[in-house]
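Visitor: Mapped onto our numbering, the consecutive letters of the sequence shown carry residue numbers 43 to 351. The beta-carbon is built from N, C-alpha and C at its ideal position, and this holds for glycine as well. Let me begin by handing over the structure; questions about it come next.
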Amino acid sequence: MASLLKALRGRQSDAEWRACGLLVACALAFSLMTVCVKHLGGRLPVAEIVLVRSVISLAITLAMLQQAQISPWGHQRPLLILRGALGTGALLLFFEALARLPLAAATLIQYTYPTLTALTAWLLLGEPLRKRIGLAVLLGWLGVTLVVQPEWMGETVRNLPLLAVLVGLGGALLTALAYVSVRRLSVREHPLVIVFYFPFISVPVTLPLLWGQGVWPTLTEWFWLIGVGLFTQLGQVWLTEGLAVLPAARATSINYVQVAFATLWGVLWFAEPITGTVVIGAGCVLAATLISLSARQPRSLQEGSSGKG
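As structure tokens, this is what we get:
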């Protein structure tokens with residue numbers, strides 16, 4: 043294991059290697075968040091889960107900011123508000139796609155976001171499109187396809203509702219733009235300030251959606267809701283810190299490992315069957331992650347990251 047880690051690290055700086063570890067930990071946290079959501083069983087409205095998740099994240103972030111004696115409002119407020127709006131919109135569109143499309147279709151469409159992130163980071167931030175990261179993105183998407191095993195990829199693909207597909211693609215695009223905005227904000231803003239604006243915007247947006255539809259959670263549901271909030275908070279903090287160092291395309295390609303984690307939890311906790319196709323798909327996802335972990339970013343980006351204040 044030590045030799046593998048040494049080979050993966052290569053000549054990467056301490057900051058790069060730490061960022062890679064944070065992004066893998068972020069994927070782990072987000073995968074555990076989905077486990078908590080699945081344990082909720084669908085009785086609670088989606089907007090209620092998002093609202094409780096946001097309130098918990100907001101409370102924790104405010105406490106951390108106060109302890110660190112950092113103002114939550116930041117220096118680039120319009121862009122910070124935009125980051126919160128993009129994240130909230132991405133979340134709501136993804137859940138809407140889940141309601142309108144087969145799970146496999148919604149999952150695959152959502153996982154176009156690493157490709158969209160690479161393109162938008164190139165267009166908006168001038169980050170280079172590297173062949174190695176492009177290979178990782180394609181390999182990761184292939185792995186996701188094999189893991190979810192979409193039955194709709196045959197003749198029934200033409201039966202997918204166009205509007206629902208566009209909603210899903212909209213969610214993936216907003217996810218990509220949210221990642222790019224975090225990357226841009228990290229030049230001047232503290233990670234906790236960036237994290238703060240996501241729930242700060244999502245709470246007032248989701249609250250009206252619950253009007254007349256709220257359901258009081260049971261004690262068990264409160265346990266899982268708190269888990270959703272805690273794992274979300276960990277994932278957001280680690281994601282933001284990772285994006286402060288690594289290019290957006292490389293960071294999002296590392297996130298493919300979340301699919302491998304989710305497959306493992308499905309087998310361990312939900313007795314989901316594991317097939318040869320799933321194993322191959324998970325292997326592709328892990329290979330994509332290893333490629334991204336071992337990629338060394340250009341010197342210009344290293345200097346830009348190290349010079350952030």
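1) Assign Q111 to one of two classes, buried (16 or more other C-beta atoms within 10 Å of its C-beta) or exposed (fewer than that).
2) Just the Cα atoms here: how many angstroms apart are Y32 and A146?
3) I'd like to know whether the C-beta atoms of P171 and R226 end up nearer to each other than 8 Å.
4) Go ahead and label F265 buried or exposed: buried means 16 or more other beta carbons lie within 10 angstroms of its beta carbon, across all protein chains shown.
5) For N181 versus C326, is the C-beta spacing smaller than 8 Å?
6) So, helix, strand or coil for H232, using DSSP?
7) Can you list the alpha helix (DSSP H) stretches of 4 or more residues lying completely in the stretch 84-124, in chain order?
8) Could you check what DSSP says for I322 in three-state terms: helix, strand or coil?
9) What residue from A160, E283, E58, T294 has the CA that sits closest to E231's CA?
10) Within a Cβ cutoff of 8 Å, which residues of the same chain sit near E197, ignoring the five residues on either side of it in sequence?
11) In whole angstroms, what is the alpha-carbon distance linking A329 and A178?
12) Any idea if I333 is buried or exposed, counting beta-carbon neighbours within 10 angstroms, 16 or more meaning buried?
13) Quick one: is G126 buried, meaning 16 or more other Cβ sit within 10 Å of its Cβ, or exposed?
14) Measuring only the C-alpha atoms, how far is L74 from L82?
15) How about A214 and Y155: are their beta carbons less than 8 Å apart?
16) Ends of the alpha helix (DSSP H) at R174?
17) For Q278 and D56, what's the separation of their Cα atoms in angstroms?
18) Counting along the chain, where does the alpha helix (DSSP H) carrying Y155 start and finish?
19) Whose CA, out of P289, P203, L267, T149, lies closest to the CA of R85?
20) For V320, which residues from the same chain have a beta carbon less than 8 Å from its beta carbon, with the 5 sequence-adjacent residues on both sides left out?
21) Just the C-alpha distance for L133 and V79, rounded to the nearest angstrom, thanks.
22) Check this for me: beta carbons of L65 and A291, under 8 Å apart or not?
Guide: Quick look at the numbers:
1) exposed
2) This structure cannot speak to residue 32, because the chain is shown only from 43 to 351.
3) Here residue 171 is Leu; the residue named in the question, Pro, does not match the sequence. For L171 and R226, no; Cβs fall outside 8 Å.
4) exposed
5) One point to set straight first is that residue 181 is Leu, not Asn, in the sequence displayed. Going by C-beta atoms, L181 is nearer than 8 Å to C326.
6) coil
7) For the stretch 84-124, whole alpha helix (DSSP H) runs of length 4 or above, ordered along the chain, are 88-110.
8) helix
9) E283
10) Bear in mind that a pLDDT of 47 at E197, under 50, signals an unreliable position, so the model cannot answer this.
11) 8 Å
12) buried
13) That one is buried.
14) 13 Å
15) yes
16) It spans 173-190 - the alpha helix (DSSP H) in which R174 sits, taken as one unbroken run.
17) Looking at the two C-alpha atoms, the distance is approximately 21 Å.
18) 155-167
19) L267
20) L188, V189, Q191, T305
21) 14 Å
22) no
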